[in-house]
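One structure is given below, encoded as structure tokens.
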Amino acid sequence: MSAMQQKLKPFQGYAAQHFRWEVQADGRVATITLDRPDKKNPLTFDSYAELRDLFGALKSASDVRAIVITGAGGNFCSGGDVFEIIEPLTRMSMPDLLAFTRMTGDVVKAMRHCPQPIIAAVDGICAGAGALLALASDLRLASPAARTAFLFTRVGLAGADMGACGLLPRAIGQARAAELLFTGRAFSAEEGERWGFFNRIVASEALLAEAQTLARSLADGPAFAHSMTKTMMNQEWAMGIDELVESEAQAQAICMMTKDFRIAFEAFAAKQKPTFVGA
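Note that the numbering used here gives residue 200 to position 200 of the sequence shown, counting from 1, and the numbers run on in steps of one.
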């Protein structure tokens, strides 16, 4: 067993304080539900910190293999709570403001660096920091009612928040990202799908189940290979063609040493469906 595998351990018994955390029976698929529906599920200082810590801890989970993030009550997330975050920020010193903005960015970094695929199930309002939670996810499903906005300029801030100026152009292209980040306007689910922000649109009543079904299909797949795919997609943003091709050669050679690679071959040879073990 490798040193990395030795560090992995079941992620059991976690009790969330500032959102709902639910895990399917075998522990492979987890769902995070932002659960303040009366305010359209805004974030607070505490929920930011807990999300950062949770995604950071999931790096060493041996059982959780895919994650769904969604919101309660027909909305995804309205961003930072106006009275619990925005108002206090107007009274903070520069060192405290920088500590806060670094913490919010740490949420995105933790999401990008946790090995599990993250699927955002977006219904209704998805604004500000909520839009960044969706953007930092690996896959995004939307209901027809989804309305997404990177609205930072609407409150006198730069569009550069939590990595938006780097992540959004990579998702939808520079010109489209510039329009959204400069204007802060909302875009519909249909427009988001057409631009490549959303992978597909699903009826509101089926959205969570569809996201969890997709998560289950990924969780039952080759978990080590999925984590390697996510790692390489992150690393190759800053690479030249020679570097990225060589990096992928090394990554694929590592994956060829896994049990799942052998399992896939043996299942193909026997004309059966492979049962991956994630190692």
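We treat Cβ as the ideally placed atom computed from N, Cα and C, and that holds for glycine.
Check	Outcome
Of all the options ALA25, SER60, ALA178 and ASN41, which has the alpha carbon lying nearest to the alpha carbon of GLY124?	ASN41
From which residue to which residue does the alpha helix (DSSP H) around ARG147 run?	Counting along the chain, ARG147 falls outside any alpha helix (DSSP H), though it belongs to the beta strand (DSSP E) covering 147-149.
With 16 as the cutoff for other CB atoms within 10 Å, does LEU98 come out buried or exposed?	exposed
Looking only at C-alpha atoms, which of GLN272, TRP237 and MET228 sits nearest to CYS255?	MET228
Counting only the same chain and skipping the five closest in sequence on each side, list residues whose C-beta sits under 6 Å from that of LEU167.	LEU135
So, using beta-carbon positions, are THR70 and LEU218 closer together than 8 Å?	no
Per the DSSP calculation, LYS230 is bridged to which residue(s)?	Beta-bridge pairing links LYS230 to no other residue.
Can you tell me which of the three DSSP states SER188 falls into?	strand
Mind pulling the beta strand (DSSP E) runs of 3 or more residues that sit fully within the region 19-45?	20-23 and 29-34
Which class does ARG140 belong to by DSSP, given the choice of helix, strand or coil?	strand
Which whole runs of the beta strand (DSSP E) in the region 203-252 are 3 residues long or more, in chain order?	none
Start and end of the beta strand (DSSP E) containing GLY71?	66-71
Measuring alpha carbon to alpha carbon, tell me which of GLY240, GLN252 and ARG154 ends up nearest LYS230.	GLN252
TYR48: buried (16+ other C-beta within 10 angstroms of its C-beta) or exposed?	buried
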